[in-house]
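Have a look at the structure below, then the notes.
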Amino acid sequence: MNFSSKIIEQAVNEFARFPGIGKKTAMRLVFHLIKRPANELEGLEESIQRIREELVFCSTCGNVSDSETCAICADRSRNHKLICVVEDMRDVMAIENTSQYRGVYHILGGLISPIDGVGPEDLNIDKLEQRIKDQEVDEVIMALSATMEGDTTGFYLSRRLKALGTKVSTLSRGISIGGELEYADEITLGRSIAARVPFD
Amino acid sequence: MKFQVLKLNTFKNHSKAQFRFEEDIVVFHGPNGAGKTNVLDAIYLLCMCRSYFQHAELANIQHEQDFYAVFAKVLFDEEQEVACMVKRGEGKTFRFNKEEYQRLSDHIGKMPVVMIAPGDIRLINEYSDERRKFMDQLLSQTDQNYLQELIVYGRALEHRNKALKQFNESGYVDHHLLDSLDHQLNKAATYLYGKRKAFVAEFSPLFEMHYKELSQAKESTGLVYESDLADQNMEQLLKANRSKDLDIGRTDGGLHKDDLKFTLNGYALKKFGSQGQIKSFLIALKLAQFDFLKVQKGFAPVLLLDDIFEKLDEQRATQLMARVAGTGYGQIFISDTHPERVCRIFETLDKPIQLIAL
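Quick note, the sequences are listed as chains Y and S, same order. Using my numbering, read the first sequence as starting at 1 and increasing by one per residue. Using my numbering, read the second sequence as starting at 1001 and increasing by one per residue.
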């Protein structure tokens, strides 16, 4: 790609480093920025700066936060004896959007994956154990991806956490709501039959 | 299932080619290097999402081109379109009925296929991985879950080997982590072992029937499934092997060491079989593969016979053709340098064939 301006070239290259953004999209974004009024750019600059300078990780659950304790951990109306363990902050947002959960969270920051050089010691596990001991937690819910790595991490954690005397549960898996059976993928359908539940 | 139209675009040596199939038996003929095998391989590719001969995807693209595309119209209850395209730098897209697959593994089994090619002798001469591949390819086509569990097993094994290597180097061992990986491996292995065992039991009689018919001899044949899991489950095995595995830095025993032993009168076929016996054995394996798929799927797989005279004498070839031209077989694609031979055989069998010169 030939640019008439070094400044544009640099900006395009920076945008192209974002996940899911290629050179062409990066260029569209940069040209969009050029056309925007100056005050809009200031707003963007400010928010990037605040991400860099002000954002911290919650000292309790590990989620991103504006202050030392995140809004969820600071909420006294939530059940602090119920902890939902997730891989990252996007999972917290997904579960919050269901409005079905009033406990608190714990963010692992990844899944066990020796191939990628991620072992248990690289995850936020020690702090989870500490929380369970300190807060007399009743139940820990494993809300991890239904992949081999998610299962391994869940199994590993349940081994360690059960030693602390906590109840450990995991998300159920099966047919999606509103889904027609004939379109369900065969593996999910097969396992749903194997793990069927009594009708009530 | 019938292939009706096949189109190739910059696939191997075919710049642009289109074929329309009118008979159930189609013979591609032409001199060496005309691309007969490549046409059969394109059909295989549309069934199994990968080439039978060339596992490096990009090597299937014609020299100095950026992509290849293979397309077919296939008649099931209704006509469907199947297409595979590989572009340099972008990878593979696979479409069925104009819809792109998210996972290629979802396609495996929709279009069952059996290929018989000169290189199949590997199945007998080479290491056990060839024989595991034979079982895996068959079972993957008849059982979606099998393929998924196989993928899980492979990945979990890779994780475990990596962890063992790290522990071996650092001297620190996280036994909880190994327990977790062993548990994953055990779940997958239990399923896979059960399926392989049941498969061999079901497959053996099919195989023996074909062998007897082909060889017209009285020797007894055997397919023997050998596995570390025959008398203990994977978790017990891994636990017993753990300290040894830690020493060597990889997983020594398990389902990934399974073998399917071929015997003749109780002795190893590879060592004691004559050339003729080995040929008959191979063909019988493939025909049994065909039967197995047909029973499981409820319809006949596509049969691809590549350069069959290369390795078979005319008598055996005739026998084979007579067998596959009979009832119960579906669409058959044959490649041969000399069409007269094939024509002669099918004439005596009174079967119409379509000749396509390349």
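Positions of the beta carbon are idealized from the N, C-alpha and C atoms, including for glycine.
Using beta carbons (cut-off 8 Å, strictly below), is residue 152 of chain Y in contact with chain S?
Chain S, which has a Cβ nearer than 8 Å to the Cβ of residue 152 of chain Y, makes this yes.
Contacts that residue 180 of chain Y makes with chain S (C-beta to C-beta distance below 8 Å)
Those do not exist, as residue 180 of chain Y stays about 16 Å from chain S at its closest Cβ, beyond 8 Å.
Go through its chain and collect everything with a Cβ distance to residue 1136 of chain S's Cβ below 7 Å, but skip five positions before and after it.
Counting only Cβ-Cβ distances below 7 Å, and skipping sequence neighbours, we find 1150.
For residue 1248 of chain S, the first and last residue of its enclosing beta strand (DSSP E):
Premise fails: residue 1248 of chain S lies in the alpha helix (DSSP H), 1234 to 1248, not in any beta strand (DSSP E).
Between which two residues does the beta strand (DSSP E) containing residue 1087 of chain S stretch?
DSSP places residue 1087 of chain S inside the beta strand (DSSP E), whose first and last residues are 1079 to 1087.
I'd like to know whether the C-beta of residue 1126 of chain S is nearer than 8 Å to at least one C-beta of chain Y.
It does not; no Cβ of chain Y falls within 8 Å.
Expressed to the nearest angstrom, what Euclidean distance is found between the alpha-carbon atoms of residue 20 of chain Y and residue 131 of chain Y?
Here the alpha carbon of residue 20 of chain Y sits roughly 36 Å from the alpha carbon of residue 131 of chain Y.
Bounding residues of the beta strand (DSSP E) (the contiguous stretch that carries residue 1332 of chain S)
Counting along the chain, the beta strand (DSSP E) containing residue 1332 of chain S begins and ends at 1332 to 1336.
Compare the C-beta of residue 101 of chain Y against all C-beta atoms of chain S and say whether one is closer than 8 Å.
Judged by the 8 Å Cβ criterion, residue 101 of chain Y is not in contact with chain S.
Are the CB atoms of residue 1192 of chain S and residue 1255 of chain S nearer to each other than 8 Å?
In contact: residue 1192 of chain S and residue 1255 of chain S (Cβ atoms closer than 8 Å).
Pairing CB atoms from the segment 1174 to 1186 of chain S with CB atoms from the segment 181 to 195 of chain Y, are three or more of them under 8 Å?
Look at the beta carbons and you see the segment 1174 to 1186 of chain S not touching the segment 181 to 195 of chain Y: under three pairs across the two are nearer than 8 Å.
So, under 8 Å CB-CB, residue 1157 of chain S and residue 1251 of chain S are touching, yes? Tell me the CB distance rounded to an integer number of Å.
About 6 Å separates the two Cβ atoms, so the contact holds.
Proximity of residue 120 of chain Y and residue 156 of chain Y at Cβ, strictly below 8 Å
Yes, they are a contact pair.
Could you name each continuous alpha helix (DSSP H) segment of 4 residues or more that falls completely within the segment 1134 to 1206 of chain S, going from the start of the chain to the end?
Counting whole runs of 4 or more residues, the segment 1134 to 1206 of chain S contains the alpha helix (DSSP H) stretches 1144 to 1170.
Are the segment 1326 to 1335 of chain S and the segment 1126 to 1146 of chain S in contact at 8 Å, needing three or more beta carbon pairs?
Inter-segment contact for the segment 1326 to 1335 of chain S and the segment 1126 to 1146 of chain S is absent: fewer than three beta-carbon pairs are separated by less than 8 Å.
Taking Cβ positions, are residue 1056 of chain S and residue 1069 of chain S nearer each other than 8 Å?
No, the pair does not count as a contact, with Cβ atoms beyond the cut-off.
Which same chain residues end up closer than 7 Å to residue 1339 of chain S when comparing Cβ atoms and leaving out the 5 residues on each side of it in sequence?
Non-local beta-carbon contacts of residue 1339 of chain S in its own chain, meaning distances under 7 Å to residues more than five positions away in sequence, involve 1027, 1029, 1355 in chain order.
Residue 26 of chain Y classed as buried or exposed, judged by whether at least 16 other C-beta atoms fall within 10 angstroms:
Sixteen is the threshold: when 16 or more other Cβ atoms of the shown chains lie within 10 Å of the Cβ of residue 26 of chain Y, as they do, the residue is buried.
Contacts that residue 1144 of chain S makes with chain Y (C-beta to C-beta distance below 8 Å):
Per Cβ cutoff of 8 Å: 186, 187, 190.
Taking the DSSP output, what are the residues bridged to residue 1095 of chain S?
The partner list for residue 1095 of chain S (beta bridge, DSSP) reads S:1083, S:1100.
With DSSP as the reference, label residue 89 of chain Y as helix, strand or coil.
If DSSP states are grouped into helix, strand and coil, residue 89 of chain Y belongs with the helices.
From residue 1247 of chain S to residue 128 of chain Y, what distance separates their C-alpha atoms?
Straight across, the Cα-Cα distance linking residue 1247 of chain S with residue 128 of chain Y is about 32 Å.
Can you list, in chain order, the residues of the segment 144 to 172 of chain Y whose Cβ is nearer than 7 Å to any Cβ on chain S?
Residues of the segment 144 to 172 of chain Y with a C-beta atom less than 7 Å from some C-beta of chain S are 148, 151, 152, 155, 156, 159, 160, listed in chain order.
Straight-line CA distance for residue 1245 of chain S to residue 1181 of chain S?
Their backbone Cα atoms lie some 13 Å apart in a straight line.
Rounded to the nearest angstrom, how far is the Cβ of residue 124 of chain Y from that of residue 107 of chain Y, given a contact under 8 Å?
At roughly 6 Å, the Cβ-Cβ gap stays under 8 Å, so residue 124 of chain Y and residue 107 of chain Y are in contact.
Cβ of residue 1094 of chain S within 8 Å of Cβ of residue 1049 of chain S?
A Cβ-Cβ contact shorter than 8 Å links residue 1094 of chain S with residue 1049 of chain S.
Quick check: residue 1128 of chain S and residue 1257 of chain S, are their CB atoms within less than 8 Å of each other?
Between residue 1128 of chain S and residue 1257 of chain S, the C-beta gap is smaller than 8 Å, which places the two residues in contact.
Go ahead and label residue 154 of chain Y buried or exposed: buried means 16 or more other beta carbons lie within 10 angstroms of its beta carbon, across all protein chains shown.
When all chains shown are included, residue 154 of chain Y counts as buried.
What residues in its chain sit with their C-beta under 6 Å from that of residue 1291 of chain S, if we drop five residues either side in the sequence?
Closer than 6 Å at the Cβ level, and outside the excluded window around residue 1291 of chain S, lie 1206.
Going by DSSP, what residue range makes up the beta strand (DSSP E) through residue 1342 of chain S?
It is not in any beta strand (DSSP E) - residue 1342 of chain S instead sits in the alpha helix (DSSP H) that spans 1339 to 1349.
Chain Y contact for residue 1157 of chain S (CB, 8 Å cutoff):
No, because no Cβ of chain Y sits closer than 8 Å to the Cβ of residue 1157 of chain S.
According to DSSP, simplified to helix, strand and coil, what is residue 79 of chain Y?
Residue 79 of chain Y carries a strand assignment under DSSP once its states are collapsed to helix, strand and coil.
Chain-order list of residues whose beta-carbon lies under 6 Å from that of residue 189 of chain Y (same chain, five-residue window excluded)
Closer than 6 Å at the Cβ level, and outside the excluded window around residue 189 of chain Y, lies no residue.
Where the beta strand (DSSP E) containing residue 1354 of chain S begins and where it ends
Boundaries of the beta strand (DSSP E) harbouring residue 1354 of chain S: 1354 to 1357, taken from the DSSP string.
With a CB to CB cut of under 6 Å and the five nearest residues on each side skipped, what residues in its chain are close to residue 1075 of chain S?
Sequence-distant partners of residue 1075 of chain S (beyond 5 residues in either direction) whose C-beta falls short of 6 Å from its own C-beta, in its chain, are 1002, 1004.
Using a Cβ-Cβ distance cut-off of 8 Å, determine whether residue 1163 of chain S contacts chain Y.
It does: the Cβ of residue 1163 of chain S has a partner Cβ on chain Y nearer than 8 Å.
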